[in-house]
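Numbering (the numbering used here), first residue to last: 14 to 98.
In structure tokens form, the structure reads like this:
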């Protein structure tokens, strides 16, 4: 695909880079979420997501929160962690 003259080489490289970055962020988010769910429910507040507070919103009982919000929070945490470390 990269050798095809009709497709811009730079565009192909950027798309590949973004795809790999998105896959790595998704995988890291899934791992972070899995690690948060390995503790029993009574110890939910001791994980990275259980101790998270955003304004008045608390994630202390994160298993009761919508799955989409849990995924986006994990994805955000993974992206921030990967970009700052």
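Think of the CB as a built atom: it goes at the ideal place given N, C-alpha and C, for glycine as much as any other residue.
- By the neighbour-count definition (other C-beta atoms within 10 Å, threshold 16), residue 19 is an exposed residue.
- Residue 30 and residue 22 have their C-alpha atoms some 12 angstroms from each other.
- Here the C-alpha atom of residue 27 lies approximately 14 angstroms from the C-alpha atom of residue 36.
- CA-to-CA, the gap between residue 53 and residue 39 works out to about 24 angstroms.
- About 7 angstroms separates the CB atoms of residue 84 and residue 42; that is less than 8 angstroms, so the two are in contact.
- For residue 26, the uninterrupted alpha helix (DSSP H) segment begins and ends at 22-50.
- The beta carbon of residue 91 sits closer than 7 angstroms to those of 38, 41, 42, 45, all from its chain and outside the five residues before and after it, given in chain order.
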